[in-house]
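Residue numbers (this note's numbering): 825 to 1175.
Glycine included, C-beta positions come from ideal geometry on N, C-alpha and C.
If you're wondering where the values come from, they're calculated on a predicted model, not measured in any experiment.
Notes to accompany the following structure.
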Ligand SMILES: C[S@@+](CC[C@H](N)C(=O)[O-])C[C@H]1O[C@@H](n2cnc3c(N)ncnc32)[C@H](O)[C@@H]1O
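Listed below in structure tokens is the structure:
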């Protein structure tokens, strides 16, 4: 059994006593498999269905608990929620992600369902109660423990129209952006992404294989496809919400035949030295914590897939010390543009 070191896992598991007689239980966004493992091992839950947005979380759950016959990993949708009377969820960072999950529970789970949504108190706010109250008659907080708390929602409200993916038109870029709840920046264009795209006429015109690494809603992929009409574009992200959003965005903008979207960790599956251009707006957070590790992994991975002479175009917050890492990991790197908020770089893969 996994050690339950995480206070949010611990309090969620404590409150799961409420679900003791309830099967099946859905666990959303377990991060290391400890929650799923705890539900099965401590409470003897008969059937636990698991849904993770991030592929790395999903793999961790499979590694920790996937061999237990009671555990099933499923994508979001009616099959996940059917007949469910207990839901255990780690509160996501964004309200739209919580809203989309709560909407799905209210639509598809058993009306007697109880939702336990746990998080660190410092990351919780009143708006989370308001979002849950849109879909449930009653929302109350548990007693806190180790600076963590659980919101308990019961009594589903009748679901309305499907709201997700949201979509909006960006007039400046003439692009329709579609976004599921957990997708970065929602149905709008991130300012860093917009700044990177202001240099798109300088993308190498001869590029035939292009990767949008960490594609989010797929805005960079769509604009790359338009700017380089002879290129094939691969849009990659580990988030399921991002991938579903990017598929919808490419379809909404008429470039689905030129852009392939895949849910991957980094650019796994893309052969070494096979790509002419990588576009990347890397994350600098992991959950609620600042962390550049994924950005550096992305730069190293871009170097792996780039052919000699291929280019990585990246955008990042100007205060971040990424220039040295790009030169070390990829090759010669120039600053193409810089403003107080963002820096855009072009790195050329050395042989
Ligand atoms: C800052 S967002 C940029 C999204 C999009 N390219 C844009 O410009 O709007 C970074 C993206 O990287 C994705 N990501 C984070 N870690 C990843 C990983 N290990 N493998 C693939 N994608 C990852 C996130 O899910 C997120 O969508």
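Whole-angstrom distance between residue j and residue i, CA atom to CA atom
{"i": "residue 1130", "j": "residue 1153", "result": "12 Å"}
{"i": "residue 843", "j": "residue 1054", "result": "55 Å"}
{"i": "residue 1160", "j": "residue 885", "result": "41 Å"}
{"i": "residue 968", "j": "residue 929", "result": "25 Å"}
{"i": "residue 994", "j": "residue 1001", "result": "7 Å"}
{"i": "residue 1088", "j": "residue 914", "result": "22 Å"}
{"i": "residue 840", "j": "residue 972", "result": "15 Å"}
{"i": "residue 1051", "j": "residue 1150", "result": "25 Å"}
{"i": "residue 1096", "j": "residue 916", "result": "34 Å"}
{"i": "residue 1225", "j": "residue 933", "result": "The requested residue 1225 does not occur in the structure, where the chain is confined to residues 825 to 1175."}
{"i": "residue 922", "j": "residue 1062", "result": "19 Å"}
{"i": "residue 988", "j": "residue 1174", "result": "43 Å"}
{"i": "residue 853", "j": "residue 1048", "result": "32 Å"}
{"i": "residue 981", "j": "residue 920", "result": "18 Å"}
{"i": "residue 1068", "j": "residue 965", "result": "32 Å"}
{"i": "residue 1085", "j": "residue 1103", "result": "14 Å"}
{"i": "residue 1100", "j": "residue 1091", "result": "14 Å"}
{"i": "residue 1133", "j": "residue 1156", "result": "10 Å"}
{"i": "residue 1164", "j": "residue 1037", "result": "24 Å"}
{"i": "residue 985", "j": "residue 1079", "result": "27 Å"}
{"i": "residue 833", "j": "residue 998", "result": "43 Å"}
{"i": "residue 838", "j": "residue 847", "result": "17 Å"}
{"i": "residue 887", "j": "residue 1023", "result": "42 Å"}
{"i": "residue 974", "j": "residue 1042", "result": "34 Å"}
Heavy atom of ligand 1 within 7 Å of residue i beta-carbon
{"i": "residue 1142", "result": "no"}
{"i": "residue 1041", "result": "yes"}
{"i": "residue 991", "result": "no"}
{"i": "residue 1044", "result": "yes"}
{"i": "residue 1105", "result": "yes"}
{"i": "residue 1090", "result": "yes"}
{"i": "residue 1010", "result": "no"}
{"i": "residue 1060", "result": "yes"}
{"i": "residue 1017", "result": "yes"}
{"i": "residue 1036", "result": "yes"}
{"i": "residue 880", "result": "yes"}
{"i": "residue 957", "result": "no"}
{"i": "residue 1118", "result": "yes"}
{"i": "residue 1063", "result": "yes"}
{"i": "residue 1115", "result": "no"}
{"i": "residue 1066", "result": "yes"}
{"i": "residue 1014", "result": "yes"}
Start and end residues, beta strand (DSSP E) containing residue i
{"i": "residue 1007", "result": "Segment: none, residue 1007 is in no beta strand (DSSP E) and carries neither H nor E."}
{"i": "residue 765", "result": "Outside the displayed range of the chain (825 to 1175) lies residue 765, so it cannot be described from this structure."}
{"i": "residue 1167", "result": "1166–1173"}
{"i": "residue 914", "result": "910–914"}
{"i": "residue 1158", "result": "1155–1162"}
{"i": "residue 801", "result": "Residue 801 lies beyond the range of the chain shown here (825 to 1175); nothing can be said about it."}
{"i": "residue 830", "result": "Counting along the chain, residue 830 falls outside any beta strand (DSSP E), and DSSP gives it neither H nor E."}
{"i": "residue 919", "result": "Here residue 919 belongs to no beta strand (DSSP E); instead the alpha helix (DSSP H) covers 919–932."}
Cβ of residue i within 8 Å of any chain B Cβ
{"i": "residue 1097", "result": "Here there is only one protein chain, and chain B is not present."}
Residue interval of the alpha helix (DSSP H) (run including residue i)
{"i": "residue 1016", "result": "1015–1021"}
{"i": "residue 1051", "result": "1043–1051"}
{"i": "residue 1117", "result": "1117–1129"}
{"i": "residue 884", "result": "879–889"}
Do three or more CB pairs link the stretch 1016–1023 to the stretch 957–966 at distances below 8 Å?
In the pairwise beta carbon analysis, the stretch 1016–1023 is classified as not touching the stretch 957–966: fewer than three pairs are separated by under 8 Å.
Can you check the stretch 949–1004 for any beta strand (DSSP E) of at least 3 residues that lies completely inside it and give the ranges in chain order?
Fully enclosed beta strand (DSSP E) runs of no fewer than 3 residues occupy 960–965, 972–980, 990–994 and 999–1003 of the stretch 949–1004, in order along the chain.
Fully enclosed by the stretch 843–877, which beta strand (DSSP E) runs are 3 residues long or longer?
Qualifying beta strand (DSSP E) stretches, in chain order: 849–852 and 872–875.
Could you tell me which uninterrupted alpha helix (DSSP H) segments, each at least 4 residues in length, are contained entirely in the stretch 1063–1094, listed from first to last along the chain?
If we require 4 residues or more, the alpha helix (DSSP H) runs fully inside the stretch 1063–1094 come out as 1064–1076.
How do the stretch 868–875 and the stretch 893–913 stand: do at least 3 beta-carbon pairs fall below 8 Å, yes or no?
The answer is yes - the stretch 893–913 touches the stretch 868–875, with three or more Cβ pairs under 8 Å.
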